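Q: Have a look at this one.
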DNA sequence: GGAGAAATCATACGCAAGGATGACGCGGGG
DNA sequence: CCCCGCGTCATCCTTGCGTATGATTTCTCC
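Residue numbers (the working numbering), protein chains in the order written: chain A, 3 to 146; chain B, 3 to 146.
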């Protein structure tokens with residue numbers, strides 16, 4: 003800002019000096035203006051690259067390097083959330099896109115039981131919909 | 003570039019016109035030059051920020067990162083399945099666990115519209131439930 | 001300029017899902 | 001022994017979801 007102000011002052015002085023030389027020529031004002039334009043366009047460009055360039059954009063690169071031997075890691079998460087094994091079992095089937103009825107048929111229990119487990123699991127996950135529960139489970143690493 | 007060229011032409015014309023008005027005044031050249039200076043300084047600054055690609059700093063972040071190296075591949079998959087951009091947009095929100103009502107509020111459309119898009123998308127995916135649609139989408143690489 | 005795709009919205013119906021509540025049996029610790 | 005966590009099942013009720021159908025608008029393409 004200070005530099006810019008100083009430049010302004012210098013320019014005004016320069017301006018006072020140069021106008022006497024240029025005014026005697028025809029079309030001098032056009033040339034004069036063009037010179038000013040070029041000069042300040044350059045100055046602006048320079049300033050733009052100098053002052054605003056350090057803007058860095060952080061780019062996230064997906065690193066495949068997360069095999070993270072999670073064979074029982076989800077079990078820890080499960081315990082921490084107070085989710086029972088049965089509830090997690092049902093959650094996995096929910097994440098597969100099965101309906102409550104299909105889950106019941108798969109696990110040989112009634113649809114009501116599935117609903118009960120779902121309700122409790124959703125409650126512990128802070129989810130109100132099964133899709134939300136799936137999303138939360140993924141974030142928490144509950145699902146492989 | 004075209005816009006910049008046009009702006010240049012307009013400026014030259016404006017320059018020709020204004021000089022006759024300003025030349026009769028004392029110090030008019032100074033004001034004129036200052037205007038040009040400010041204008042082109044701004045232009046240069048704008049160009050500087052616009053043309054110079056923001057330097058990117060690559061930061062490696064451990065991300066669940068499905069091994070699938072697809073950057074725009076989902077667009078190909080989308081086309082292949084005949085799923086429209088809007089439908090995919092809604093699918094992504096479905097995968098986030100949002101309800102139809104919330105999706106509508108997010109995209110500023112009615113819940114009915116969301117339902118329509120969902121139905122068509124589910125149909126194209128061969129899914130009958132939203133959870134199933136999410137699962138299918140993940141398998142097909144439709145979702146990041 | 002008309003055909004068609006896409007997006008938007010509405011209405012209505014049926015079913016799935018979710019919540020609340022109660023109950024029963026089983027197993028393990030206090 | 002009795003309590004408690006867990007899994008199981010049921011009923012009632014509300015809400016959300018999915019489908020069908022029709023309409024309008026906008027855009028693109030021929």
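Note that the Cβ used here is the ideal one computed from N, Cα and C, for glycine as well.
Computed from a predicted model, the values in this text were never measured in an experiment.
(1) I need the boundaries of the alpha helix (DSSP H) containing residue 93/B, first residue and last residue.
(2) For the segment 123-137 of chain B, list every residue whose C-beta sits within 9 angstroms of some C-beta in chain A, in sequence order.
(3) Taking any Cβ of chain A, which residues in the segment 73-101 of chain B have a Cβ under 9 angstroms from it, in chain order?
(4) Report the rounded CA-to-CA distance for residue 82/A versus residue 100/B, giving the unit in angstroms.
(5) Along the chain, where does the alpha helix (DSSP H) that runs through residue 139/A open and close?
(6) Do you know how far the Cα of residue 94/B is from the Cα of residue 120/B?
(7) Report the rounded CA-to-CA distance for residue 129/B versus residue 122/B, giving the unit in angstroms.
(8) With DSSP collapsed to three states, give me the class of residue 83/A.
(9) Just verifying my parser: in three-state terms, what is the DSSP assignment at residue 116/B?
(10) Measure from the alpha carbon of residue 132/A to the alpha carbon of each residue in 80/A, 90/A, 97/A and 89/A, then state which is nearest.
(11) Taking the alpha helix (DSSP H) that residue 109/A belongs to, which residues open and close that run?
(12) Please report the Cβ distance between residue 102/A and residue 113/A, rounded to the nearest whole angstrom; I am assuming they are in contact, meaning their Cβ atoms lie under 8 angstroms.
(13) Does any CB atom of chain B fall closer than 8 angstroms to the CB of residue 120/A?
(14) Go ahead and label residue 124/A buried or exposed: buried means 16 or more other beta carbons lie within 10 angstroms of its beta carbon, across all protein chains shown.
(15) Classify residue 76/B: buried if its beta carbon has 16 or more other beta carbons within 10 angstroms, exposed otherwise.
(16) Tell me, to the nearest whole angstrom, how far the beta carbon of residue 139/B is from that of residue 127/B; I am working on the premise that it is less than 8 angstroms.
(17) Between the Cα of residue 88/B and those of 144/B, 21/B and 19/B, spot the shortest distance and give me the residue it belongs to.
A: So, from the listed chains and residues:
(1) Here residue 93/B corresponds to residue number 91 of the second chain, with the count starting at 1. Where residue 93/B is concerned, the enclosing alpha helix (DSSP H) stretches over 87-97.
(2) Cβ contacts with chain A come from 129, 130, 131, 132, 133, 134, 135, 136 and 137.
(3) From the segment 73-101 of chain B, only 96, 97, 98, 99, 100 and 101 have a Cβ closer than 9 angstroms to chain A.
(4) On the first chain, position 80 is the one that residue 82/A refers to. On the second chain, position 98 is the one that residue 100/B refers to. About 25 angstroms.
(5) For the purposes of this step, residue 139/A is identified with residue 137 of the first chain, where counting begins at 1. Per DSSP, residue 139/A belongs to the alpha helix (DSSP H) from 132-142.
(6) On the second chain, residue 120/B is found 118 positions in, with the first residue counted as 1. On the second chain, residue 94/B is found 92 positions in, with the first residue counted as 1. Within the model, the alpha-carbon separation for residue 120/B versus residue 94/B is close to 11 angstroms.
(7) In the second chain, the residue the question calls residue 129/B occupies position 127. In the second chain, the residue the question calls residue 122/B occupies position 120. So the two alpha carbons sit approximately 10 angstroms from each other.
(8) On the first chain, residue 83/A is found 81 positions in, with the first residue counted as 1. The answer is helix: DSSP assigns residue 83/A an H, G or I state.
(9) Taking the first residue of the second chain as position 1, residue 116/B is located at position 114. Residue 116/B carries a helical assignment under DSSP once its states are collapsed to helix, strand and coil.
(10) Your numbering for residue 132/A matches position 130 in the first chain. Residue 97/A is the option with its Cα nearest to residue 132/A.
(11) Locating residue 109/A in the first chain gives position 107, counting from the first residue. Counted as a single uninterrupted DSSP element, the alpha helix (DSSP H) harbouring residue 109/A occupies residues 102-109.
(12) Position 100 of the first chain, counted from the start, is the residue given in the question as residue 102/A. Position 111 of the first chain, counted from the start, is the residue given in the question as residue 113/A. Residue 102/A to residue 113/A, Cβ: 5 angstroms. Contact.
(13) As a first step, residue 120/A must be located in the first chain, where it is residue number 118. Chain B contact via Cβ: absent.
(14) For this step, residue 124/A is matched to residue 122 along the first chain. By the 10 Å Cβ count, residue 124/A comes out buried.
(15) Here residue 76/B refers to the residue found at position 74 of the second chain. Residue 76/B should be labelled buried.
(16) For the purposes of this step, residue 139/B is taken as the residue at position 137 of the second chain. For the purposes of this step, residue 127/B is taken as the residue at position 125 of the second chain. Between residue 127/B and residue 139/B the Cβ distance is about 7 angstroms, and since that is below 8 angstroms, they are a contact.
(17) Position 86 of the second chain, counting from 1, holds the residue named residue 88/B. Considering only alpha carbons, the answer is 144/B.
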